[in-house]
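The structure under discussion appears below in the form of structure tokens.
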Amino acid sequence: MAEQDTLSSHFGGNRIPTEKVPSLTSGMRAEQDTYRSYFGDHSFPTGKMVPPRAEQETFGSAFGGNRIPTEKMVPPRAEQETFDSAFGGHPISTEKPSKFSLSSLGKASTSNTSHSGAEQDRYGSHFIPPWNPQVNATAIGLLQRSFLPAIASNTSLSLISYTIARLTNRLELKDYLWPLGPLVASWTAALQRQNFDVSRTWSSLAYPQKLILAGLTAWSLRLFYRIASRSYARGEDDPRYTGMKEEPGFWNKSLFSMFLPEALVQSVISLPFTMSLAAPEILIATSPLPGNPGWQIAGAAGVFFFAAGYALEVSADSQLESHKQSGDSGLLREGVWSIVRHPNYLGDALIHASFPLVLYGAGLFHPLMLLAPAANYAFLRFVGGDKENEETQEERYSKTDGAKYAQFQQYKSEKNSFWPSPDELQNKWLWIIAGIGAGGVALERGLREFL
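Numbering follows my numbering, with no gaps: position 158 of the sequence shown is 158.
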């Protein structure tokens, strides 16, 4: 007999009622139900062991008066899903994101966050399955997403160009790919993320991506027009290649000695674009967020280099064309050609150096991107740029125009080939180009508010 039965008078003068206590719903038992024989009721049940239960299930009424559901286990949830009201008053969206959009990074959804600034509200996609969960954030994974597709694209274009060049005996057709190769590879990297929808692709890009893609497009189309228009007006192959084609077995060797190696260089030059457009999520995951003055200075320097380089390249080509049309048979040494002997190549190098700087300022940088301006510079200086150009000029002038050959030798003694000497600080054209670069920085700051 329980103590309450023996000493009933001490509990109000009445005996503890002996009526059978109504059984609670199976699975919801207090201790008194389980061991009721100790409290004046029936014997301890021996048919089966009482299943272990959490305190919340045993005393459900103490937690709002309702039973905890026992039909199925509650699916495992992140704390943000269980207590969503603490993160803006709304549950985290469960819609599966379509594709990664860099433009939405860091922007809270006004429909889901109220005025909350919690990280869970701003980056809700971190708590639901991503559209592409298998991301290799290593350098190898980055190259797989960016460099290998560029290699495939540029190699295909190179094979087509080689076939046409061999059939027409016009080696200069390979030069068409110098601006087109990086452009095709970069736009392909961007478009494939949005099923090749141009409008959706452009709207999905973040401002830094739009900036470098627009810069690449401007550089590429201008240079392609320059090469194609000169080729059409000339009506024959570039004089630089005339002697090369006379070598025995030239066309059999040129595919492996010229076309395919240049396709490789073009793929390396494309790295800043293909990396930032094909795999921005990898760059974000491996780069610190931008914001300190150093990043801002780098971004501004990138815009300065692009504006100055583009102005230098355009001015050099424009002044050279005007000089030819004027009928002057002498060597052009005025204008931007008074800064260095190859201002167009210097401008091209500045343009390609600008893109990694812009991406570094935006937090979309990877050290492998530095290979692009390095490869471009090496090619311009030591392979197909000023070295090849000057060798051809000296040979041609020495055979056909002695006066021009003498001018060229004097020009070489007075001006550097690629980089301006300290004496050029007194050259007004150097400061004109620098002023255009500074104006480009100011213009970009204004455009940023609208893009």
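The beta carbon of each residue, even a glycine, is placed where N, CA and C say it ideally should be.
All of these numbers come straight from a predicted model, not from anything done at the bench.
Item                                                                                                                                                          : Value
Between Q266 and G335, what straight-line distance do the alpha-carbon atoms span, to the nearest angstrom?                                                   : 30 Å
Judging by CA-CA distance, which residue of G363, W219, G402, R170 is the nearest neighbour of N292?                                                          : G363
Straight-line CA distance for W251 to M244?                                                                                                                   : 10 Å
Can you give me the start and stop residues for the alpha helix (DSSP H) that I379 sits inside?                                                               : In the sequence on display, residue 379 carries Phe and not Ile. 371-382 is the span of the alpha helix (DSSP H), which, as asked, contains F379.
Secondary structure at R445, three-state DSSP: helix, strand or coil?                                                                                         : helix
Go ahead and pull the three-state DSSP assignment for H366.                                                                                                   : coil
Going along the chain, which residues of its own chain have a beta-carbon closer than 8 Å to the beta-carbon of P272, five neighbours each way excluded?      : I212, F355, P356, L359, M369, A372
So what's V268 in DSSP terms, helix, strand or just coil?                                                                                                     : helix
Look at the Cβ atom of Y411, then the Cβ atom of L320, and state whether they are nearer than 8 Å.                                                            : no
Between the region 227-247 and the region 149-156, are three or more C-beta pairs nearer than 8 Å?                                                            : no
By a C-beta neighbour count over all protein chains shown, 10 Å radius and 16 as the cutoff for buried, is S440 buried or exposed?                            : The amino acid occupying residue 440 in the given sequence is Gly; Ser does not appear at that position. That one is buried.
Whole angstroms are fine: how far does the CA of K324 sit from the CA of G181?                                                                                : 29 Å
Is DSSP giving N195 helix, strand or coil here?                                                                                                               : coil
Please state the DSSP three-state secondary structure of I160.                                                                                                : helix
Applying the 10 Å Cβ sphere with the 16-neighbour rule, what's the burial state of A190?                                                                      : buried
Whole angstroms are fine: how far does the CA of S161 sit from the CA of P208?                                                                                : 32 Å
Looking at C-beta atoms only, is the number of pairs between the region 306-315 and the region 214-233 that lie closer than 8 Å three or more?                : yes
With T274 and S186 assumed to form a contact (beta carbons below 8 Å), what rounded beta-carbon distance in angstroms separates them?                         : 6 Å
Which stretch, first to last residue, makes up the alpha helix (DSSP H) that contains S329?                                                                   : Neither: S329 is in no alpha helix (DSSP H) and is coded neither H nor E.
In the DSSP assignment, find the unbroken alpha helix (DSSP H) run with L425 in it and report its ends.                                                       : Premise fails: L425 is in no alpha helix (DSSP H) and is neither H nor E.
DSSP state of F450, grouped into three classes?                                                                                                               : coil
For V314, which of R222, K174, I284, I164 has the nearest alpha-carbon?                                                                                       : R222
Quick check on this structure: which residue in Y241, P248, S220 has the alpha carbon closest to the alpha carbon of I269?                                    : S220
Roughly how far, in whole angstroms, is the beta-carbon of F408 from the beta-carbon of Q393, given that I think they are within contact range, below 8 Å?    : 6 Å
For the alpha helix (DSSP H) that contains H342, what are its first and last residues?                                                                        : No alpha helix (DSSP H) contains H342, which DSSP labels as neither H nor E.
By DSSP, does T242 sit in helix, in strand, or in coil?                                                                                                       : coil
Look at the alpha carbon of P261 and the alpha carbon of V184, and state the distance between them as a whole number of angstroms.                            : 18 Å
Determine the direct distance from the alpha carbon of L443 to that of E449, and round the result to whole angstroms.                                         : 11 Å
Have a look at A228 and W431 and give me their C-alpha separation to the nearest angstrom.                                                                    : 31 Å
Quick check on N292: does DSSP put it in helix, strand or coil?                                                                                               : coil
Leaving out the 5 sequence neighbours to the left and right, which residues in its chain are closer than 8 Å to R445 when beta-carbon positions are compared? : none
Can you list, in chain order, the residues of its chain whose CB lies under 6 Å from that of L205, leaving out five sequence neighbours each side?            : none
If you measure between the beta carbons of P386 and S417, is that distance less than 8 Å?                                                                     : The sequence shown places Asp at residue 386, rather than the Pro named in the question. In this structure, S417 lies closer than 8 Å to D386 by Cβ.
Do L283 and H366 have their C-beta atoms within less than 8 Å of each other?                                                                                  : yes
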